[in-house]
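**Student:** Please see the structure below; I have some questions.
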Amino acid sequence: MDQGKREGMTLYLKIWRQPGPDVPGKFVDYQLAGVSPNMSFLEMLDVLNEDLIKKGELPVEFDNDCREGICGMCGIMINGSAHGHEDATTVCQLHMRHFKDRDHITIEPWRARAFPVIKDLVVDRNALDRIIAAGGFISVDTGGAPDANAIPISKVRVEEAMDAAACIQCGACVAACPNGSAALFTAAKISHLVNLPQGEPERRSRALRMVRQMDLEGFGNCSNHGECEAVCPKDISIKVIAQMRREFLRGILK
Amino acid sequence: MSTQVALDARIPDGPVQEKWDRRRFEVKLVNPANKRKYTIIVVGTGLAGASAAASLAELGYEVLAFCIQDSPRRAHSIAAQGGINAAKNYANDGDSIWRLFYDTVKGGDYRSREANVYRLAQVSVNIIDQCVAQGVPFAREYGGLLETRSFGGTQVARTFYARGQTGQQLLLGAYQALMRQVDKGKVTCLPRREMLDLVLVDGKARGIIVRDLLTGAIERHVGHAVVLATGGYGNAYYLSTNAVNSNASAIWRCYRRGAFFANPCYTQIHPTCIPVSGEHQSKLTLMSESLRNDGRVWVPKKAGDRRPPSEIPEGERDYYLERKYPSFGNLVPRDIASRSAKGVCDDGRGVGESGLAVYLDFEDTIQREGVEYIREKYGNLFDMYERITGENGYQTPMRIYPAVHYVMGGLWVDYNLMSAIPGLFVLGEANFSDHGANRLGASALMQGLADGYFVIPYTLGDYLATSAFRPTSEDADEFKQSADQARNRLERLLSIQGKRTPREFHREIGRIMWDYVGMARNEAGLKHAIQEIRRVREELWQDLKVPGSNDMLNKNLELASRVADYAELGELMAIDALHRRESCGGHFREESQTPEGEAKRDDANYSYVSAWEYPCSEGEPILHKEPLKFENVVPTQRTYK
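Chains as they are written, first to last, in my numbering: chain B, 1216 to 1469; chain F, 3 to 643.
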C-alpha cells in the first residue's frame, strides 16, 4: 500500500531488531504513516509488518495472543515504560489515540538477565514457570476434594487472594525493576495461596522453595523501588512482597 | 456420497442416570504398576488439556504436554469472563443435575447427545469441589460460603465465578496442578510447539509431529495415545473473540488422517461485542452479556439516519428486541439477539461509522437507579469499552455488534471421547459432544474441565488396557514420512513467494465465511461460498508471500500454515451448512423459518450428528450420521415471544 495516501498519524518508530539469541541486536528506524487512533499498539505493529513483508524485509517478531489483556503473552517497553505509559493496561489494550501525530516511539524487549532475548521483541520467560513448579500450587490430586462449601472462607480473605491471583505472568514487573527482580510475581502467587486455608499446610515449604528458585534463575533482589507495582497491568500491590518476606522468614525459622 | 458406516457412539445401556456409573464399572483398569509404562501425548493446555495432563500424571502415566504459547498458562480458556455452571443447588432455588441436563439439551436446540450431557451435569458438582481445593478464589458471601448467580437467561443461580476472570482462575488451578506434576517429573512440558501432524501406526494414534516454533525444528514424539485439547476453530472467520493464535490445524490434520469432523457448521455468534473499527482490526473483544440486563438495544427507525444518538428523539428509535419479543425483550438468547442485530443493519439502520453496530443504551437505568448502580455492576466493562473505543458508555450509548465466539462443532468422539481413530481422544471445544447446535453461557468452562478431570482419566485407561501396542519409535517409517510431509508443506508455503501476505488471505477467507456462513445462511450463498473458498485456496498456493525461512521464529509462517488449513476447513463448514436444510441453534437457514422469522428445526429429517470423513482421493467428504435419540427430553420448538 502506498503509505503517502493513508489517512491518520505518521509515527517515527525506533525498534530493537535482533535476529537471534546469540546475535547482537540494534535499533532500526521506521516511519509509519496512516496510523488510526482506533488501532491498538499491536495492530499498529501488524500494519508495519505487512508493509515490511511487502517490501521483502523480515517483519518484527513480538509475542501476543489474546489481545484482550488477560493471557500475559504480550509485553514490550515503549519509551522506557513496560506496556507503555497508560495505567493498568497491557500493550495489546493500549490504543494509538494516546499518541500524537509525528511522535517518536522507542520499542524494546523486556530486558532482564533471567529473560534472554529470543528474537526482536520476543524474550524467554520460562523462568517464571519454573518458579511456579517449585511450589506455586496446592497439592491435591483430582478426585479427593471435599465439598466446596466444607470450608467457609471470609469474603475479605478471598478478595485479597483474588487481588494477588490476578497476576498474568507477563513479566513487566521484572522488566521495570532496576534489579531485574521477580519479587512481585513470586510474591503474588505466595500471597494468593497463603490467603486461603487450603494453602496453609504447605505455606513454609512453598515460600522457601519458590524464593530459592527465583534466586537460582538469576533474578535480582528486591530493594523496594516500587517500579513493579507502578507498571503492573493488573495493579498488584507491592504489599504482597512484604507478605512473601514474612512467609520466607516463617519458613526459615521453623 | 459414498457408503455410510453406522457410527457407534458406544453409549452404555440403561437409564441415563446410570450410564456413567455403568461405564465406570465396565472399563478395564490399568495395573498401577504398569501405568508408568504408558506415555500419553496431550496437545493443548487450556482447561481441558491442562486438567487432563495433570490428572493422568497423578494416576501414574508419563505425560508429554504441548502448547503453542511460551507457557501452558496462556491458553485461551484464560479469557473466559462470566463463570462456570454446576448443579450444586447451593442457592436452594430448584436446581438439580436433571435440570442442568435438561437446560443444556434444550439450549442446544436438541442436537446434542443426551448421555454425554447427563454425564456433564453429573460431574459438574465435582468440578467446583476440585477447583476450590486447588485454591481457585471463587466469589463468596459474607458468611464464607460460595456465591452463585444466574447467567445467560437461566432461571436458577448455578453459575460460580471469580470476578470477571473465571476462566483465568480455573486455568491457573489446572496449570498449577500441571506444574506440580512437572515438579514431580511426571509431566514434560513442551511449550512453543505446534502440532503439524498425527502419526498412525497400525491404524492407531501413536504420536505427533510438531514444529519447534523457536528453531523451526520438526520433532517426532511417540506415545501410546494422543489427547487433543486444542480448542475451537472460530478464527476461520478471521475476526473472532478467540486469541489470534487459536487455530484449527491440529484437529484439521487429524481429520485428514481419518478422524471425523462433526457438525462443522455449528458456530456461536455472540451478540455483545465491541464493533469493528477498521481494516486494521485483528480481533474482537467480547463484553459480558450481563450488560443486556440493564441496557436497551435500539437503532434509528429510519434507514441511513446519521444523527448522533442524543439527537434522535424517543419516537424515532426502534427498540427492536422489545418490540419483537415483548416477554423476553433484551434478554433473548444469543443466537436470536445476534440475528436481529444483523437484520436491522442489513436494513441500513446500523449505527456508527461502519453502519455495522447497534446501540446498547443505559440511559433509562441510569435515570431510574443512578449512575452508581451501573458503575458498581458493570464498571470494569465500561472501563474496557472506553479503553478500546475511547467513548464513555455512561454518557453516550455503547455500540455493539455480534462476533464469532465459540464453535459447537469439532472432531466427532464417542461416549469415551475417542475419535474415529483408535487412540486419538478429543476434549473440550475441540470435540463436538455436549452443546448441540448452541452452547449456553458458562458451560464451556464446565465441559473443558469435566472432560479433563473426570472423564478421560477413566476412558483412556480402558483403551490402554484393551489394546495391544507394537513397539515403535521416532525412527519408524510412519514417523519419518509424516515429518517429511510436514516439512515439505512448510517449504512449499515458503517457496511460493507471491504478492499477498498470510494475513491478507486470512482476511479474505474470513470475509467469505462471515458473509455467507455467518449468522444467516441460504443455499445460493453457501454454494457461492464454496466456490469462493476454492478460488481463494487456489490463489493462496500461487500468490502467497511468506517472509523468512523455516529455521527461525517466524510467526508469518505459522499463520500461513494455519490459513492454508482454514482454506480447506471453511469449505467443509459451508458444505455442512448446505446439507443441513433446517435451522437449529446457531445454524440459521433462511429457507427454514417460522412465519415470524424464527429458526425452524426439522426433526424428522435432521435429528442426527453429521460426521464428515476426509475422502481418500479427490472428491467430496463422506457424510456419516449418528442418529440422536431423545429418551428423556422431548424436543419442542423454542419460543421467546
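The C-beta atom is built at its ideal place from N, Cα and C for all residues, glycine as well.
Between the Cα of F:Asp464 and those of F:Val373, F:Arg25 and F:Tyr257, spot the shortest distance and give me the residue it belongs to.
**Tutor:** Here the question's residue 464 of chain F lines up with position 462 in the second sequence. Selected option, being the one with the closest Cα: F:Arg25.
**Student:** Please report how far the alpha carbon of F:Phe456 lies from the alpha carbon of B:Gly1358, in whole angstroms.
**Tutor:** Numbered from 1 along the second sequence, position 454 holds the residue referred to as residue 456 of chain F. Numbered from 1 along the first sequence, position 143 holds the residue referred to as residue 1358 of chain B. Each residue's alpha carbon lies about 8 Å from the other.
**Student:** Check whether the segment 277 to 290 of chain F touches the segment 1248 to 1255 of chain B, taking contact to mean three or more Cβ pairs, one atom from each stretch, closer than 8 Å.
**Tutor:** They touch, by the three-pair rule.
**Student:** Give me the chain F residues within the contact set of B:Leu1408, using Cβ-Cβ distance strictly less than 7 Å, ordered along the chain.
**Tutor:** Taking the first sequence and counting its residues from 1, one reaches residue 1408 of chain B at position 193. What B:Leu1408 touches in chain F: Gly137.
**Student:** If you measure from the beta carbon of B:Asp1367 to each beta carbon in chain F, is any gap under 7 Å?
**Tutor:** Position 152 of the first sequence, counted from the first residue, corresponds to residue 1367 of chain B. Note that residue 1367 of chain B is Pro in the sequence shown, not Asp. So, interface residue.
**Student:** Kindly indicate if chain B contains any beta-carbon less than 7 Å away from that of F:Lys285.
**Tutor:** Looking up residue 285 of chain F in the second sequence gives position 283. Yes, F:Lys285 counts as interfacial toward chain B.
**Student:** First and last residue of the alpha helix (DSSP H) that includes B:Met1429?
**Tutor:** Walking along the first sequence from the start, residue 1429 of chain B turns up at place 214. Taken as a continuous stretch (DSSP letters only), the alpha helix (DSSP H) holding B:Met1429 covers Arg1418 to Leu1431.
**Student:** If distances are taken between C-alpha atoms only, which option among F:Phe481, F:Arg121, F:Leu559 and F:Arg582 comes closest to F:Asp204?
**Tutor:** Translated into the one-based positions of the second sequence, residue 204 of chain F becomes position 202. Measuring from the Cα of F:Asp204, the nearest candidate turns out to be F:Phe481.
**Student:** List the endpoints of the continuous beta strand (DSSP E) containing F:Gln132.
**Tutor:** Position 130 of the second sequence, counting from 1, holds the residue named residue 132 of chain F. From DSSP, F:Gln132 is part of no beta strand (DSSP E) but of the alpha helix (DSSP H) over Glu116 to Gln136.
**Student:** Whose Cβ in chain F lies nearer than 9 Å to the Cβ of B:Arg1312?
**Tutor:** In the first sequence, counting from the first residue as 1, residue 1312 of chain B sits at position 97. Under the 9 Å cutoff, chain F gives Gly392.
**Student:** Near F:Ile532, which residues of its chain fall below 8 Å by C-beta distance, leaving aside the five closest residues on each side in sequence?
**Tutor:** For the purposes of this step, residue 532 of chain F is taken as the residue at position 530 of the second sequence. Closer than 8 Å at Cβ, skipping near neighbours: Glu573, Ala576, Ile577 and Leu580.
**Student:** Can you list, in chain order, the residues of the segment 53 to 76 of chain F whose Cβ is nearer than 8 Å to any Cβ on chain B?
**Tutor:** Residues Ser53, Ala56, Ser57, Glu60, Gln71, Asp72, Ser73, Pro74, Arg75 and Arg76.
**Student:** Can F:Ala488 and F:Leu66 be called in contact, C-beta distance under 7 Å?
**Tutor:** For the purposes of this step, residue 488 of chain F is identified with residue 486 of the second sequence, where counting begins at 1. For the purposes of this step, residue 66 of chain F is identified with residue 64 of the second sequence, where counting begins at 1. Their beta carbons are not under 7 Å apart, which means F:Ala488 does not touch F:Leu66 by this criterion.
**Student:** Does the beta carbon of F:Asp545 come closer than 7 Å to any beta carbon on chain B?
**Tutor:** Along the second sequence, read from residue 1 onward, the residue named residue 545 of chain F stands at position 543. With 7 Å as the cut-off, F:Asp545 does not count as an interface residue toward chain B.
**Student:** For F:Gly352, tell me which candidate among F:Arg401, F:Glu598, F:Met289 and F:Leu180 has the shortest Cα-Cα distance.
**Tutor:** Here residue 352 of chain F refers to the residue found at position 350 when the second sequence is read from its first residue. If we check each option's Cα against that of F:Gly352, F:Arg401 comes out closest.
**Student:** Which runs of the beta strand (DSSP E) at least 3 residues long sit entirely within the segment 169 to 247 of chain F? Give them in chain order.
**Tutor:** Fully enclosed beta strand (DSSP E) runs of 3 or longer: 189 to 192, 195 to 203, 206 to 214, 220 to 224 and 227 to 230.
**Student:** Using a Cβ-Cβ distance under 7 Å, would F:Met3 count as near chain B?
**Tutor:** The sequence position of residue 3 of chain F within the second sequence is 1, counting from 1. Note that F:Met3 scores a pLDDT of 43, beneath 50, so its modelled location is shaky; the value from the coordinates is reported in the next line. False, the Cβ-Cβ gap to chain B never drops below 7 Å.
**Student:** Could you run through the segment 195 to 218 of chain F and flag, in chain order, every residue whose CB is less than 8 Å away from some CB of chain B?
**Tutor:** From the segment 195 to 218 of chain F, only Leu216 have a Cβ closer than 8 Å to chain B.
**Student:** Enumerate, from N- to C-terminal direction, the unbroken beta strand (DSSP E) stretches of 3 or more residues contained entirely within the segment 1300 to 1381 of chain B.
**Tutor:** For the segment 1300 to 1381 of chain B, whole beta strand (DSSP E) runs of length 3 or above, ordered along the chain, are 1319 to 1323 and 1332 to 1334.
**Student:** Helix, strand or coil, according to DSSP, for B:Asp1217 in the structure here?
**Tutor:** To locate residue 1217 of chain B, count along the first sequence from 1; it is residue 2. In this predicted model, B:Asp1217 has a pLDDT of only 43, less than 50, meaning its place in the structure is not dependable; the value taken from the coordinates is given anyway. Reduced to three states, the DSSP call for B:Asp1217 is coil.
**Student:** Say the cut is 6 Å; is the CB of B:Pro1252 nearer than that to a heavy atom of the ligand ZN?
**Tutor:** What this structure holds is no ligand at all, so the ligand ZN is not there to describe.
**Student:** Using a 10 Å radius around the Cβ and a threshold of 16 neighbouring Cβ atoms, would you call B:Gly1219 buried or exposed?
**Tutor:** Here residue 1219 of chain B is taken as the residue at index 4 of the first sequence, counted from 1. Bear in mind that a pLDDT of 44 at B:Gly1219, under 50, signals an unreliable position, so the number given afterwards is only what the model happens to contain. Exposed: under 16 other Cβ atoms inside 10 Å.
**Student:** Pull up the CB-CB distance for F:Gly454 and F:Leu49, whole angstroms please, since I reckon it's below 8 Å.
**Tutor:** Position 452 of the second sequence, counted from the start, is the residue given in the question as residue 454 of chain F. Position 47 of the second sequence, counted from the start, is the residue given in the question as residue 49 of chain F. Their Cβ separation, rounded to whole angstroms, is 7 Å, which keeps F:Gly454 and F:Leu49 in contact under 8 Å.
**Student:** Starting from F:Asn2, find everything on chain B with Cβ-Cβ shorter than 7 Å and list it in chain order.
**Tutor:** Any property of residue 2 of chain F remains undetermined from this structure, which presents chain F solely from 3 to 643.
**Student:** Using a Cβ-Cβ distance under 7 Å, would B:Cys1289 count as near chain F?
**Tutor:** Walking along the first sequence from the start, residue 1289 of chain B turns up at place 74. No, B:Cys1289 lies away from the interface with chain F (no Cβ there is under 7 Å from its Cβ).
**Student:** Output, in chain order, the set of chain F residues within a Cβ distance shorter than 8 Å of B:Asn1439.
**Tutor:** Mapped onto the first sequence, residue 1439 of chain B falls at position 224. Here the premise fails: no neighbours, minimum Cβ distance about 27 Å.
**Student:** For the beta strand (DSSP E) holding F:Leu466, just list the boundary residues, first then last.
**Tutor:** In the second sequence, counting from the first residue as 1, residue 466 of chain F sits at position 464. Run containing F:Leu466: none in the beta strand (DSSP E); it sits in the alpha helix (DSSP H), Ile458 to Thr468.
**Student:** Residues of the segment 1346 to 1372 of chain B with a CB closer than 7 Å to any CB of chain F: list them in chain order, please.
**Tutor:** Listed by position, the residues of the segment 1346 to 1372 of chain B near chain F (Cβ gap below 7 Å) are Ile1347, Ala1348, Ala1349, Gly1351, Phe1352, Ile1353, Ser1354, Val1355, Asp1356, Thr1357, Ala1360, Pro1361, Asp1362, Ala1363, Asn1364, Pro1367, Ile1368, Ser1369 and Lys1370.
**Student:** Any idea what DSSP makes of F:Asp320, helix, strand or coil?
**Tutor:** Taking the first residue of the second sequence as 1, we reach residue 320 of chain F at position 318. Three-state DSSP puts F:Asp320 in a strand.
**Student:** What's the call for F:Ala606, buried or exposed, on a 16-neighbour Cβ count within 10 Å?
**Tutor:** Numbered from 1 along the second sequence, position 604 holds the residue referred to as residue 606 of chain F. Exposed, since its Cβ has fewer than 16 Cβ neighbours within 10 Å.
**Student:** Between which two residues does the beta strand (DSSP E) carrying F:Pro504 extend?
**Tutor:** By 1-based counting over the second sequence, the position of residue 504 of chain F is 502. Note, F:Pro504: premise wrong, no beta strand (DSSP E); alpha helix (DSSP H) at Pro504 to Tyr518.
**Student:** Alpha carbon to alpha carbon, how far is B:Ala1329 from F:Val18?
**Tutor:** For the purposes of this step, residue 1329 of chain B is identified with residue 114 of the first sequence, where counting begins at 1. For the purposes of this step, residue 18 of chain F is identified with residue 16 of the second sequence, where counting begins at 1. Approximately 54 Å between the Cα atoms of the pair.
**Student:** Under 8 Å: do the segment 367 to 377 of chain F and the segment 235 to 244 of chain F share three or more Cβ pairs, one atom per stretch?
**Tutor:** No, the segment 367 to 377 of chain F is not in contact with the segment 235 to 244 of chain F.
**Student:** F:Glu20 lies in the beta strand (DSSP E); which residues open and close that run?
**Tutor:** Walking along the second sequence from the start, residue 20 of chain F turns up at place 18. Taken as a continuous stretch (DSSP letters only), F:Glu20 belongs to no beta strand (DSSP E), as it is neither H nor E.
**Student:** Buried or exposed for F:Ser445, going by 16 or more other Cβ atoms inside 10 Å?
**Tutor:** Within the second sequence, numbered from 1, the residue matching residue 445 of chain F stands at position 443. Under this definition F:Ser445 is a buried residue.
**Student:** What does DSSP give as the partner residues of B:Lys1229 in its beta bridges?
**Tutor:** Here the question's residue 1229 of chain B lines up with position 14 in the first sequence. In DSSP, B:Lys1229 forms a bridge with B:Asp1244 and B:Thr1321.
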